[in-house]
Amino acid sequence: MNILKRKDLFWLALVAAAALMPAVSAVASNSFIMHVLILILLYACMSQAWNIIGGYGGQVSFGHSVFFGIGAYGAGMAVVTYGMSPWPGILIGMLAAAVVAVVISYPCFKMLSGHYFAIATFAIVEIFNRVFLVWYWVGGALGLDYPVIEEGLKNMMWYDTKTGYYYCALALFALVFGIVRLLEGHRFGYYLRAVREGQETAESLGVNSTAVKLAAMALSAALAALCGAFFVQYNLRVDPPMVMSLDMSMKFVLVTILGGSGTLAGPLLGAAVLIPLQEYTRALWGGLGGGVDLIVFGLLIIIIVVKQPAGISGIIRDIAKRMGRRPTAAKGGTSYGAA
Amino acid sequence: MALLEIRDVTKKFGELVANDRVSFNVDTGAIVGLIGPNGAGKTTLFNCISGLMKPSGGRIIFDGVDITDLPPYRITRMGAVRTFQVVRPLKDMTVLDNVLVGAFLHAAGGAQAHETAETCIRMCNLTEFADKTSGDLPIGIKKRLELARALAARPKLLMLDEVMAGLTSTEVKAALELIRRIRNNGVTLLIVEHIMEAIMPIADKVVVLDGGVKIAEGPPGQIIKDEHVISAYLGAKFSRRLQAGREGGTHA
Numbered sequence: 174m175n176i177l178k179r180k181d182l183f184w185l186a187l188v189a190a191a192a193l194m195p196a197v198s199a200v201a202s203n204s205f206i207m208h209v210l211i212l213i214l215l216y217a218c219m220s221q222a223w224n225i226i227g228g229y230g231g232q233v234s235f236g237h238s239v240f241f242g243i244g245a246y247g248a249g250m251a252v253v254t255y256g257m258s259p260w261p262g263i264l265i266g267m268l269a270a271a272v273v274a275v276v277i278s279y280p281c282f283k284m285l286s287g288h289y290f291a292i293a294t295f296a297i298v299e300i301f302n303r304v305f306l307v308w309y310w311v312g313g314a315l316g317l318d319y320p321v322i323e324e325g326l327k328n329m330m331w332y333d334t335k336t337g338y339y340y341c342a343l344a345l346f347a348l349v350f351g352i353v354r355l356l357e358g359h360r361f362g363y364y365l366r367a368v369r370e371g372q373e374t375a376e377s378l379g380v381n382s383t384a385v386k387l388a389a390m391a392l393s394a395a396l397a398a399l400c401g402a403f404f405v406q407y408n409l410r411v412d413p414p415m416v417m418s419l420d421m422s423m424k425f426v427l428v429t430i431l432g433g434s435g436t437l438a439g440p441l442l443g444a445a446v447l448i449p450l451q452e453y454t455r456a457l458w459g460g461l462g463g464g465v466d467l468i469v470f471g472l473l474i475i476i477i478v479v480k481q482p483a484g485i486s487g488i489i490r491d492i493a494k495r496m497g498r499r500p501t502a503a504k505g506g507t508s509y510g511a512a
Numbered sequence: 010m011a012l013l014e015i016r017d018v019t020k021k022f023g024e025l026v027a028n029d030r031v032s033f034n035v036d037t038g039a040i041v042g043l044i045g046p047n048g049a050g051k052t053t054l055f056n057c058i059s060g061l062m063k064p065s066g067g068r069i070i071f072d073g074v075d076i077t078d079l080p081p082y083r084i085t086r087m088g089a090v091r092t093f094q095v096v097r098p099l100k101d102m103t104v105l106d107n108v109l110v111g112a113f114l115h116a117a118g119g120a121q122a123h124e125t126a127e128t129c130i131r132m133c134n135l136t137e138f139a140d141k142t143s144g145d146l147p148i149g150i151k152k153r154l155e156l157a158r159a160l161a162a163r164p165k166l167l168m169l170d171e172v173m174a175g176l177t178s179t180e181v182k183a184a185l186e187l188i189r190r191i192r193n194n195g196v197t198l199l200i201v202e203h204i205m206e207a208i209m210p211i212a213d214k215v216v217v218l219d220g221g222v223k224i225a226e227g228p229p230g231q232i233i234k235d236e237h238v239i240s241a242y243l244g245a246k247f248s249r250r251l252q253a254g255r256e257g258g259t260h261a
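The listed protein sequences correspond, in order, to chains A and B. So in our numbering, spot 306 of the first sequence is number 479, and the numbers just go up one at a time. So in our numbering, spot 61 of the second sequence is number 70, and the numbers just go up one at a time.
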């Protein structure tokens, strides 16, 4: 119990330190640094949302850009199409994303097994992308452009400085990471990991694996949609390729895997390494055309996965182990009992 | 009263009949051994009872309810919990986390689940391994983990699939002691076992399968003298010779 508390204190200290960042004038006055910090927080949240089903639940989804996009369109349409505050749109977007997630994954979890879930989620990205491109009601290929309206929390919009967005991103971070932290110690978190480690074993212990996976998927999609809503409020525009694309989907997956999937810290570590890299390569080599950031992502993933498949958090664990703590004993044989 | 009733359970895999109209009862509070040579259909029958497989025919009644068509998790929730012959630790999780998954089933909250899990870990002598990643443990400890995890789900009927296979004789003794303690706590046990010496001293009743068919059922003392059982284990030829030797050559 003591270790758990110490771990939580570390996270609280981290959030507190992050809250003080804008007070440092060198940070606050440099809008590029603020931009990178906001994106780190956003991508950490996106990956953490993916981590619920992909990391803890072990069901690799390539469709999270769809849920992200639905959230973005929820907020965007509330503001642009209906001239409202984005908040009700955010809630509707989250709900819609959860519904889409459940509808798509139900047949995969109930009737199919193995890779079909990954394939199905792959397919919905293309489907949603095309549908949104030609769907007049949601703005079609032109997308939605935000009007200039009053800034502040009510409209979740700021023009002069990025401080407002920064605190919004930090609140999002505290919410998403807080939820996952609670899950880790909760019955649902144990069941989710049990389903990942062995579905039949989990069922033999009374776990309804289909229900657990569906609930995880719905939560994961709703949180991804919430991140999408923040994304559109930050960019003040949205069109289908910006949000619903395989590029975007891959970022959910890659950031988490690089950082260490199925761990609380993984998504933050992954985002803290990849996002500055992405933004700086974009700033430096943006002229080379799109995708340079993904090339860098890819190279890094190859290196990390070859060195330590558990990602950055795995590397940190290895270092911590080497620094004094005795190695885990009892390496057992793999022989099973006589049949 | 019978806690578990197996009625004419048949399981076919294509042309292969793994269980052929098997029937027997498991009485409340009893230890029932299910034995038979390799390929006799013991594990298949277990899979049918626990809901992992659907029988091709027959019914399975647990605690007065027909569970034949229920999914595995519903059967576990009703109180029939099993272990697996080929151990299935939730590899990336610690021993404690593994047992907690079982303990959460009937726990009101996290604190109660932890309490149950720790009791079961102590009962199975796993305390020193509680924080170890279960995938890295040696086989004997993984077997104990299977048992602790199933116990944590608070079974009425505990079905053990060869928990003693591959254990040293000291470990077998400890396991038998534990099984007795579990029964004394009011749990009914159905135990698949390959090793006759392990099951005979503790079982109230033994059911013998051979080639998917029930060939004998009765108290252990009677089973070890049963001609069909000896023939199934030692081969028909040896059995005949044994009988012939015993009866002075009068037996065919």
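Cβ atoms here follow ideal geometry from the backbone N, Cα and C, with glycine treated the same way. Values in this document were obtained by computation on a predicted structure and should not be read as measured data.
Look at Gly220 of chain B: its C-beta is not under 9 Å from any C-beta on chain A. Put simply, the CB of Leu61 of chain B is near chain A, with a gap under 9 Å to one of its CB atoms.
For Leu109 of chain B, the neighbours in chain A by C-beta distance under 7 Å run, in chain order, Tyr363. Contact of Thr85 of chain B with chain A by beta-carbon distance below 9 Å involves Glu376, Ser377, Leu378, Gly379 and Val380. Here Lys51 of chain B has Leu43, Gly45, Val201 and Leu218 as same chain residues with Cβ atoms under 7 Å from its own Cβ, once five neighbours each way along the sequence are excluded. The beta-carbon distance between Phe295 of chain A and Gly236 of chain A, rounded to whole angstroms, is 7 Å. This is short enough to meet the 8 Å contact definition.
Membership of Arg490 of chain A in the alpha helix (DSSP H) is indicated by the continuous run Gly484 to Arg495.
Gly73 of chain B and Phe22 of chain B have their C-alpha atoms some 28 Å from each other.
Interface flag for Gly401 of chain A against chain B is unset, since no Cβ pair is found closer than 9 Å. The beta carbon of Tyr319 of chain A sits closer than 7 Å to those of Val252, Val253, Leu409 and Arg410, all from its chain and outside the five residues before and after it, given in chain order. At least one C-beta of chain B is nearer than 9 Å to the C-beta of His359 of chain A.
Around the Cβ of Glu370 of chain A, a 10 Å sphere holds 16 or more other Cβ atoms; the residue is buried.
A distance below 6 Å between beta-carbons, with the five flanking residues on each side excluded, links Ala342 of chain A to the following residues of its chain, in chain order: Ile211, Leu214 and Leu215. Inter-residue distance for Lys20 of chain B and Met173 of chain B is about 26 Å (C-alpha atoms, whole angstroms).
Judged by DSSP in its simplified three-state form, Thr197 of chain B adopts strand. Within the region 391-457 of chain A, complete alpha helix (DSSP H) segments of at least 4 residues are found at 413-416 and 419-432, given in chain order.
Taking CB atoms only, Arg369 of chain A has a neighbour in chain B less than 9 Å away. Against chain B, the CB of Glu373 of chain A has a partner CB under 9 Å away; the residue lies at that interface. Fewer than three pairs of CB atoms, one per stretch, sit closer than 8 Å, so the region 407-427 of chain A makes no contact with the region 144-163 of chain B. Against Asp101 of chain B, the close residues of chain A are Arg366, Arg369, Glu370 and Gly435, in the order they occur along the chain (beta-carbon pairs closer than 9 Å).
One finds Glu370, Gly371, Glu373, Thr374 and Ser377 in chain A with Cβ atoms closer than 9 Å to the Cβ of Arg97 of chain B, taken in chain order. Between Gly228 of chain A and Leu399 of chain A, the C-beta gap is not smaller than 9 Å, which leaves the two residues out of contact. Its chain contains Thr19 as the residues whose beta carbon lies nearer than 6 Å to that of Gly66 of chain B, once the 5 sequence neighbours on both sides are disregarded; these appear in chain order. A direct Cα-to-Cα measurement between Val469 of chain A and Arg153 of chain B gives close to 47 Å. For Pro64 of chain B, no Cβ of chain A is located within less than 9 Å of the residue's own Cβ. Contact with chain A is found for Pro81 of chain B, since one of that chain's Cβ atoms lies less than 9 Å from the residue's Cβ.
Judged by DSSP in its simplified three-state form, Asp213 of chain B adopts coil rather than helix or strand. With respect to the C-alpha of Pro449 of chain A, the residue from A:Pro195, A:Ala402 and A:Met207 having the closest C-alpha is A:Met207. Contact between Gly220 of chain B and Ala49 of chain B holds: CB atoms are separated by about 7 Å, below the 8 Å threshold. In the structure shown, Ser143 of chain B falls within a helical segment according to DSSP collapsed to helix, strand and coil. The alpha-carbon separation between Ala314 of chain A and Asn302 of chain A amounts to approximately 10 Å. Judged by DSSP in its simplified three-state form, Gly244 of chain B adopts coil rather than helix or strand.
Counted as a single uninterrupted DSSP element, the alpha helix (DSSP H) harbouring Ser377 of chain A occupies residues Gln372 to Ser377. Under the 8 Å Cβ criterion, the region 180-200 of chain B counts as touching the region 163-170 of chain B, having at least three qualifying pairs. Cβ-Cβ distances below 6 Å link Gly362 of chain A to Leu356 in the same chain, with the five nearest sequence neighbours on each side left out; the list follows chain order. For the region 119-148 of chain B, the residues whose beta carbon sits under 8 Å from a beta carbon of chain A are, in order, Gly119, Ala122, Phe138, Lys141, Thr142, Asp145, Leu146, Pro147 and Ile148.
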